[in-house]
Amino acid sequence: MRGYAHRCGAISRLFSIGESVEGRPLWALEISSRPGVEEAKPSFKYVANMHGDEPSGRQLLLALAEWLCANHAADERAKRTVEDLHLFILPSMNPDGFERRQRANAHLVDLNRDFPDPFERGEAGIVEPGGREQPETLALMQWIRSRHFVASASLHEGALVANYPWDGTADRGTHYSRAPDDAAFLHLAHVYADAHATMHASPEFKGGVTNGAHWYPLWGGMQDWNYIAGDCLELTLELAPHKWPPQQELPGLFEDNLPAMLALPLVSCFGGVRCRPDHPIISAPCAFCVGARWVQGGAHALGEAGAAGKGRPLGAVIHVEGIDKTMSASSTFGDFYRPLAPGTYNVTAALAGYANETVTVIIPGDGSGETVEFFMSRAGPNAAAVNWGLARKFGPLREGPPGPVRCPRCPHNLNLNLSSALPLAMKAGYPASRTHRA
0 MRGYAHRCGA ISRLFSIGES VEGRPLWALE ISSRPGVEEA KPSFKYVANM HGDEPSGRQL
60 LLALAEWLCA NHAADERAKR TVEDLHLFIL PSMNPDGFER RQRANAHLVD LNRDFPDPFE
120 RGEAGIVEPG GREQPETLAL MQWIRSRHFV ASASLHEGAL VANYPWDGTA DRGTHYSRAP
180 DDAAFLHLAH VYADAHATMH ASPEFKGGVT NGAHWYPLWG GMQDWNYIAG DCLELTLELA
240 PHKWPPQQEL PGLFEDNLPA MLALPLVSCF GGVRCRPDHP IISAPCAFCV GARWVQGGAH
300 ALGEAGAAGK GRPLGAVIHV EGIDKTMSAS STFGDFYRPL APGTYNVTAA LAGYANETVT
360 VIIPGDGSGE TVEFFMSRAG PNAAAVNWGL ARKFGPLREG PPGPVRCPRC PHNLNLNLSS
420 ALPLAMKAGY PASRTHRA
C-alpha cells in the first residue's frame with residue numbers, strides 16, 4: 000500500500016485508523032482527486048477482511064485501487080469515482096486474524112459480534128462503547144463517527160449474496176427485520192447484485208439479495224451499528240461461496256465484481272436526493288432579504304440574494320416523509336446526500352430557529368438521483384410586512400427595470416424594483432403607512 004500511495008499519490012492518501020491487538024496498523028487508502036482535503040463531496044467506504052479467514056476482499060480492494068489509478072483519466076466510471084466523491088478502502092480490518100488464518104482477532108473475538116448492539120438498551124445506550132470492544136472495533140467506530148460516510152460495504156466470503164439490515168431482531172428471532180430505510184437498502188443491494196456477473200442469478204437467494212435477520216440473525220454487527228450511529232447505509236457483501244480461493248481464481252473474481260464495486264458508491268451517493276453542488280443548504284442573511292420573497296405568499300419574488308452574498312451553511316436535519324430516520328447536512332458546507340429508492344418523496348430540511356423547507360422529489364430508476372435547493376430563513380411568511388420599514392433606507396423609489404441595491408442589514412445585493420413593490424405590498428394587505436414611507 001505504501002508503494003501504491005507513492006505511485007498514485009496524485010489521487011490517494013495512505014493513513015492508519017488505529018492498531019490491532021498485536022499492534023499491526025489498520026491501513027486505509029483515500030482515493031479522490033483531492034485526497035485529504037475536506038470539501039463538499041460525499042464519502043463512501045469499503046471494508047474487507049473483518050474475518051481473518053476471509054481474505055478475498057482485501058485482494059479485491061487492492062485491485063480496485065490499482066484499476067482506478069490506471070483508468071481514472073480514460074474510463075468514465077473511474078473518472079466519476081475519483082473526481083466526484085471520496086472513496087475510502089480498508090483492505091484488512093483484522094490483520095491479526097489474517098496472519099493466523101482464523102475468523103476471530105488475536106483475542107479470539109468475532110469482530111462482527113463486537114459492536115454495541117442496537118437492540119440492547121443497557122446503561123451505555125445503543126451506540127456507545129460498553130468497555131468490552133476490541134481495539135479493531137473501537138478504531139472503526141471512531142472512524143465512522145469522525146467522517147460522515149453516506150454508505151459503505153463490508154466484504155466477506157462464504158456465500159454469494161448482498162445482505163442488508165437489519166441483521167438483528169428485538170425478539171432474538173429469525174425473521175425479516177425491517178430498518179426504516181428498508182426500501183433504500185433493498186435497492187442498493189439490488190444495485191450490487193444486478194451489476195455483478197452472477198450474484199443476481201443466485202439459486203439460493205432471490206435476485207441475489209437477502210435481509211440479514213431473515214437469513215440468519217446476529218447481534219453486535221458492524222452493519223447495523225453503521226446505520227444507527229453513523230447514518231451510514233452499509234451492506235454486507237458475501238462474494239464467494241468458498242474461502243481462500245486459489246490465486247489463479249482472483250482475476251476472474253475481480254472481473255465479476257468490478258462493475259458492481261463501481262456502481263454501488265456512485266448510486267449510493269448520487270442516486271437518491273442531494274443538494275446541487277453550487278447550492279448547499281444556506282441561511283437567509285437577514286429578514287428583509289428573504290422577506291421580500293414572501294409577498295403574495297411567495298408567488299412573486301421581489302428580489303433574491305446575489306451570488307456574492309451567500310448565507311451561512313447550515314447543518315440542517317433532512318427528513319423524508321414516511322421514513323423514521325433523519326440525517327443531517329454538513330455544518331461545514333451545507334451539502335447532503337440521502338440514499339433513496341426510486342419513487343416520489345416529500346423531503347424537508349429543518350433546523351431549530353429556522354422555518355422548515357419542504358420539496359417534493361421524484362427519484363428515477365436510472366441511478367441519476369435528484370438535486371434540490373433549500374434556502375432557510377429565520378423569517379416567517381409575514382417577514383416582508385414586519386420588515387417593510389427597512390425599505391426606507393433604500394432611498395427614493397425608482398422606475399424602470401430592477402437594479403442592484405445593498406441591504407442595510409447584511410452585505411447582500413438585491414435585484415429589487417421598489418416601485419413595483421408598492422402595489423404588491425398593498426395587495427398583500429400591508430399597512431399603507433409603511434408603504435407610503437418607503
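Numbering follows numbering that gives the first Met the number 0, with no gaps: position 373 of the sequence shown is 372.
Cβ coordinates follow ideal geometry from the N, Cα and C atoms, glycine included.
These numbers were taken from a predicted model, which means no experiment stands behind them.
Sequence-distant Cβ neighbours of residue 366 in its own chain, meaning closer than 8 Å and more than five residues away, are 190, 262, 265, 266, 269 and 270.
Collapsing the DSSP output to three states places residue 205 in a helix. Comparing alpha carbon positions, the residue from 98, 180, 207 and 228 closest to residue 146 is 228. By alpha-carbon distance to residue 29, the top candidate from 10, 46, 376 and 161 is 10.
Of 332, 320 and 170, the smallest CA-CA separation from residue 356 is found for 320.
Under the DSSP definition of a beta bridge, residue 257 lacks any partner. By the neighbour-count criterion, in which a residue is buried when 16 or more other Cβ atoms sit within 10 angstroms of its Cβ, residue 8 is exposed. The count of Cβ pairs closer than 8 Å, one atom from the segment 38-47 and one from the segment 66-85, reaches three, so the stretches are in contact. Non-local C-beta neighbours of residue 91 in its own chain, meaning closer than 8 Å and more than five positions away in sequence, comprise 25, 26, 47, 48, 57 and 97, ordered along the chain.
Residue pairing by DSSP places residue 347 opposite 318 and 357 in a beta bridge. For residue 76, DSSP assigns no beta-bridge partner whatsoever. In the DSSP annotation of this structure, the continuous segment of the beta strand (DSSP E) that includes residue 24 starts and ends at 24-30.
For residue 18, the beta-bridge partners assigned by DSSP are 24. Around the CB of residue 215, fewer than 16 other CB atoms lie within 10 Å, so the residue is classed as exposed. Annotation for residue 198: 159, 192 and 207 place their beta carbon closer than 6 Å to its own, counting only its chain and skipping 5 residues before and after. In this structure, the alpha-carbon of residue 273 lies about 20 Å from that of residue 36.
Residue 54 and residue 372 have their C-alpha atoms roughly 44 Å apart. Checking the DSSP bridge columns, you'll see residue 44 partnered with 87 and 151. Counting along the chain, the unbroken alpha helix (DSSP H) around residue 190 starts and ends at 181-194.
Secondary structure at residue 11: strand, using DSSP grouped into helix, strand and coil. Going by beta carbons, residue 280 and residue 348 fall inside the 9 Å limit. Leaving aside the five residues that flank residue 182 on each side, the residues in its chain whose CB is nearer than 6 Å to its CB run, in chain order, 340. By the C-beta criterion, the segment 129-140 is judged not to be in contact with the segment 244-252, since fewer than 3 inter-stretch pairs fall below 8 Å. Residue pairing by DSSP puts residue 274 in a beta bridge opposite 371.
Annotated three-state conformation of residue 59 is helix, per DSSP. Of the residues assessed, residue 141 falls on the exposed side of the cut-off, its CB having fewer than 16 other CB atoms within 10 angstroms. Taking a contact as a CB-CB distance under 8 Å, the pair residue 211 and residue 256 does not count as one, their CB atoms being some 20 Å apart. Residue pairing by DSSP places residue 210 opposite 163 in a beta bridge. Annotated three-state conformation of residue 377 is coil, per DSSP. By the neighbour-count criterion, in which 16 or more other beta carbons inside 10 Å mark a residue as buried, residue 100 falls on the exposed side.
Shown here, residue 130 sits in coil according to DSSP, grouped into three states, outside any helix or strand. Scanning 236, 335 and 252 for the CA closest to the CA of residue 275 turns up 335.
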